[in-house]
Amino acid sequence: MAYKVLVLKGDGIGPEVVGEALQVLKVVTREAAVDIEFKEGVAGGHALDLHGTPLPDSVLAQAKEADAILLGAVGGPKWDDPRADKRPEQALLTLRKELGLFANVRPVKAFRETAIASPLKPEIINDVDLVVIRELTGGIYYGQPSERREGKHGREAVDTCVYTEAEISRVLRFAFEMARERRKRLTSVDKANILATSRLWREIATQISAEFPDVKFENQLVDAMSMHLIRRPRDFDVIVTENMFGDILTDEASVLAGSMGLLPSASLGEELNSAGFRVGLYEPIHGSAPDIAGRDEANPLAAILSAAMLLDYSLGLKAEAELILQAVEAVLRDGYRTRDLGGGPGARVIGCKAMGRTVRERIESLQPGA
Ligand code: IPM
Ligand code: MG
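Quick note: the sequence shown uses the working numbering, first residue 569, plus one each step.
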């Protein structure tokens, strides 16, 4: 039997970085005991141009059939009209919701080799190793009403933040379980001094913490947390938060790693796939970077590391995932850098394609029997 992986390259630098990651997946699983069938689909602005919708029904159907999905990025200035009723980002929101991918896992690891690319001092970021679990299918991203309208005093707009107990507790349990597997520390982030949804979140988090006495648990307010995250990032292990706070905090957290171009993510649901693991959507946390699209300058490492998470979380191919990580670390150690990672002593700045190829060559030399 073959596992099905759906590849959605998307817009901007998406096709470049996912192209490299896809080749990495093929090389690293060549000797694996399972077959993987890769299918490609369209999503985002590109799909909007071709089919008039950011996510054609046929692609959604393919996504529902897949064991895992690898995605690049969606969006770009071409589709940025704020009055447009169809936007590339809707492809992502629909996929997340329709596949029930409520837990977005965003690991942030500071490689010593790329610390130079961060504006933060090495003594702050060295050895940072944390994971942000962002709730992904609720909150203000999905609450209704969400609209612009004519009010008594002219134009007005409304968004709604709503969370149910079930939504809050499933992502918190997921985060507690993950903390248990790691350094046993969990920080839940909210804005309980202002928001009703946050007060419910904090109440449930505190209740569930009693079921995990081995995990050291704390609550933090999101404004304070945004400061702690860059002042003392090493104090954190697993951080769990609601949808929009997680969106914002993970961009901030990327500064710890040196570049957005290094950060992968996994979005997971409760449903199990034909391999018996969680169905997941894997994507770099960076966007479509239209300014550098098509110039072979993008950093494919976030996409490549996302592919590693795909093998690990959705297909159970841990050894292969580990091989990718080792190869990426080795390549960075050897001084290879894409432009976003800056120079530094001994750095060799290369393009997107060359970075992908260098990682693949390293995988081949690390592969058993090489
Ligand atoms: C992310 C992105 C998306 C989000 C956008 C592209 C819809 O910023 O995955 O962090 O806001 O969730
Ligand atoms: Mg974001």
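Yeah, the Cβ is synthetic: ideal placement off N, Cα and C, and Gly gets one too.
Quick one: give me the first and last residue of the alpha helix (DSSP H) that SER714 is part of. What you label residue 714 is simply residue 146 of the sequence shown in a count that begins at 1. Segment 711-719 is the beta strand (DSSP E) holding SER714; no alpha helix (DSSP H) there.
Using 10 angstroms around the beta-carbon of GLU749, count the other beta-carbons present and answer buried if the total reaches 16, otherwise exposed. For the purposes of this step, residue 749 is taken as residue 181 along the sequence shown, with counting starting at 1. Counting Cβ neighbours within 10 Å, GLU749 comes out exposed, since fewer than 16 surround it.
Taking only three categories from DSSP, how would you classify ARG723? Position 155 of the sequence shown holds residue 723. It is a strand residue.
Would you give the residue range spanned by the alpha helix (DSSP H) that ILE637 belongs to? Taking the sequence shown and counting its residues from 1, the one referred to as residue 637 is at position 69. Segment 636-641 is the beta strand (DSSP E) holding ILE637; no alpha helix (DSSP H) there.
In terms of residues, what are the limits of the alpha helix (DSSP H) holding SER756? Working through the sequence shown from its first residue, we reach residue 756 at position 188. Premise fails: SER756 lies in the beta strand (DSSP E), 753-758, not in any alpha helix (DSSP H).
What do you reckon, are the CB atoms on VAL575 and VAL586 nearer than 8 Å? Numbered from 1 along the sequence shown, position 7 holds the residue referred to as residue 575. Numbered from 1 along the sequence shown, position 18 holds the residue referred to as residue 586. Yes, these two residues count as a Cβ contact at 8 Å.
Nearest CA to the CA of LYS752: which residue from THR621, ALA760, PRO781 and PHE679? As a first step, residue 752 must be located in the sequence shown, where it is residue number 184. With distances taken between Cα atoms, LYS752 lies closest to PRO781.
Output the boundary residues of the beta strand (DSSP E) element that contains SER835. Taking the first residue of the sequence shown as position 1, residue 835 is located at position 267. Run containing SER835: 832-840, per the beta strand (DSSP E) assignment.
Three-state class that DSSP yields for THR809 in the structure shown: On the sequence shown, residue 809 is found 241 positions in, with the first residue counted as 1. It is a strand residue.
DSSP-derived helix/strand/coil call for PHE670: The residue you call residue 670 lines up with position 102 of the sequence shown. PHE670: coil per DSSP, three-state reduction.
Stretch-stretch touch, CB-based, cutoff 8 Å, three pairs: the segment 645-653 with the segment 677-690: no
Kindly indicate the opening and closing residues of the alpha helix (DSSP H) around ASP791. By one-based count along the sequence shown, residue 791 stands at place 223. Taken as a continuous stretch (DSSP letters only), the alpha helix (DSSP H) holding ASP791 covers 790-799.
Using C-beta distances below 8 Å, list every residue in its chain close to CYS920, excluding the 5 sequence neighbours before and after it, in chain order. Numbered from 1 along the sequence shown, position 352 holds the residue referred to as residue 920. Within the same chain, CYS920 has close Cβ partners ILE581, GLU584, VAL585, GLU588, ASP864, GLU865, ALA866, ASN867, PRO868 and THR906.
So, do the segment 834-847 and the segment 791-811 have three or more beta carbon pairs nearer to each other than 8 Å? no
I need the straight-line Cα distance from GLU733 to ILE772, nearest angstrom please. Along the sequence shown, one-based indexing puts residue 733 at 165. Along the sequence shown, one-based indexing puts residue 772 at 204. Each residue's alpha carbon lies about 8 Å from the other.
Does DSSP classify LYS949 as helix, strand or coil? Any question about residue 949 goes unanswered here, given that the chain covers just 569 to 938.
Going by DSSP, name the residue or residues bridged to ARG916. The residue you call residue 916 lines up with position 348 of the sequence shown. According to DSSP, ARG916 bridges with TYR904.
Check whether the segment 637-646 and the segment 783-800 touch, using three or more Cβ-Cβ pairs below 8 Å as the test. no
Give me the residue from LEU885, GLY910 and MET746 with the minimum Cα distance to LEU698. Mapped onto the sequence shown, residue 698 falls at position 130. Checked all of LEU885, GLY910 and MET746; the closest Cα to LEU698 is MET746.
Could you round the C-beta distance between LEU667 and ALA631 to whole angstroms and report it? I think they count as a contact, below 8 Å. Here residue 667 corresponds to residue number 99 of the sequence shown, with the count starting at 1. Here residue 631 corresponds to residue number 63 of the sequence shown, with the count starting at 1. Rounded, the Cβ-Cβ distance is 6 Å, consistent with contact.
So for VAL886, helix, strand or coil by DSSP? Within the sequence shown, residue 886 is the residue found at index 318, counting from 1. A small fix is needed here, since residue 886 is Lys in this sequence, not Val. Residue state, collapsed to three classes: helix.
Beta carbon of MET664, beta carbon of THR728: below 8 Å? Residue 664 sits at position 96 when you count from the first residue of the sequence shown. Residue 728 sits at position 160 when you count from the first residue of the sequence shown. It is worth fixing the name first, because residue 664 is Arg in this sequence and not Met. No; because the gap between Cβ atoms is not below 8 Å, this pair is not in contact.
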